[in-house]
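Engineer: Starting off with a structure, shown below.
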DNA sequence: TATTGTTATACTCTATAACTATA
DNA sequence: TATAGTTATAGAGTATAACAATA
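Residue numbers (UniProt numbering), protein chains in the order written: chain A, 1 to 142; chain B, 1 to 142.
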């Protein structure tokens, strides 16, 4: 294996650039990064508590409150007390929330395709496969 | 291309895990992440000003001062006023600084090998090549 | 006056602690 | 008493502004 920068140095540089490239795409849909992450998480399956949502996206429960306020104010999510336990808030996407999420995701995928186009064609699949593998293992390295 | 998480989501997860995995390795050598980055940058070539160093590692010039204080205090770097322009500080690694840098880098490489071992053998080279390519392009993504 | 390095200050992000309401 | 959500507070990390030394 020939000389190269440290892995973390390369992934940090790449990651910051990708996040920066996502920002204007998300802004077209009025979304911040956290708002987008919340829409993605709720899209998979509605959740019964905000704490569960925070947990699932690796955020503190206090950090997503303003995000939920914004999304609810725009009508992108529903957030209603659980009739069975009125301490909890049932969270789910509205149809409009689903539409915005899908549009934002399409925009991001288009940006990503332009990035991946810079790779040699034969490296793309292995790169994505390896990235998937390592990011899935990531919480518990080595 | 089949469904997958967003690129940025995967690189962020991976990057944080790698940085976290580096931390204890660097700590064995008494280094923080920034101190290690400074040692690497100075190892390539001595620099004439702290501003140039900060620029080269993408940090604010005010942020590296405490780092340089620490490295100088441990005798890992030399930091002397330029006789030709005493406003500037000539920065370079001491032999001990070079030794610590090399030892830390070896430790990090060993950790990275354990991480890369989780990949299919045939994906490793393409992954590293793609990561190099994209991180080199990163500052100016489309 | 302009530049290098430094210190002081402010801002952003995040986490912790304290509070309200339900149970 | 315990839990979900919220608000208030405090702590990192970082950037900006002000300052001292040198040119």
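Each residue gets a CB set at the ideal place from its N, CA and C atoms; glycine is no exception.
Just so we're clear, the structure is a prediction, and the values are computed from it rather than from any experiment.
(1) Assuming residue 54 of chain B and residue 64 of chain B form a contact by the criterion Cβ under 8 Å, report the distance between their Cβ atoms to the nearest whole angstrom.
(2) Within the 8 Å Cβ cut-off, does residue 32 of chain B reach chain A?
(3) Would the beta-carbon of residue 14 of chain B fall within 8 Å of that of residue 131 of chain A?
(4) At a CB-CB cut-off below 9 Å, which residues of chain B make contact with residue 66 of chain A?
(5) Got a sec, what are the start and stop residues for the alpha helix (DSSP H) residue 83 of chain A sits in?
(6) Have a look at residue 36 of chain A and residue 20 of chain B and give me their C-alpha separation to the nearest angstrom.
(7) For a contact meaning CB atoms closer than 9 Å, what does residue 25 of chain B contact in chain A?
(8) Using a threshold of 8 Å, state whether the C-beta atoms of residue 68 of chain B and residue 77 of chain B are closer than that.
(9) Who does residue 135 of chain B pair with in a DSSP beta bridge?
(10) Would you list the residues sitting across from residue 77 of chain B in a DSSP beta bridge?
(11) For residue 108 of chain A, which residues of its own chain have a beta-carbon under 7 Å away from its beta-carbon, when the five flanking residues on both sides are left out?
(12) If residue 7 of chain B and residue 118 of chain A are in contact, beta carbons under 8 Å, what's the gap, nearest whole angstrom?
(13) Measure how close the beta-carbons of residue 75 of chain B and residue 96 of chain B come, nearest whole angstrom, since I'm counting them as under 8 Å.
Structural biologist: According to the structure shown:
(1) Contact between residue 54 of chain B and residue 64 of chain B holds, with the beta-carbon distance rounding to 5 Å and staying under 8 Å.
(2) No, residue 32 of chain B lies away from the interface with chain A (no Cβ there is under 8 Å from its Cβ).
(3) Yes.
(4) The CB of residue 66 of chain A never comes closer than 9 Å to any CB in chain B; the least such distance is about 21 Å.
(5) Element bounds for residue 83 of chain A: n/a, residue is neither H nor E.
(6) Spanning the alpha carbons of residue 36 of chain A and residue 20 of chain B requires a straight line of approximately 25 Å.
(7) Those within 9 Å of residue 25 of chain B in chain A number zero; the least Cβ separation is about 10 Å.
(8) Using a Cβ distance threshold of 8 Å, residue 68 of chain B and residue 77 of chain B count as a contacting pair.
(9) The secondary-structure analysis by DSSP pairs residue 135 of chain B with nothing; it has no beta-bridge partner.
(10) DSSP, once it has assigned bridges, lists B/93 as partnering residue 77 of chain B.
(11) Listed in chain order, the non-local C-beta contacts of residue 108 of chain A below 7 Å within the same chain comprise 22, 25, local neighbours out to five positions each way being set aside.
(12) No, residue 7 of chain B and residue 118 of chain A are not in contact; Cβ-Cβ is about 12 Å, not under 8 Å.
(13) In this structure residue 75 of chain B is in contact with residue 96 of chain B, their Cβ atoms being roughly 6 Å apart against a cut-off of 8 Å.
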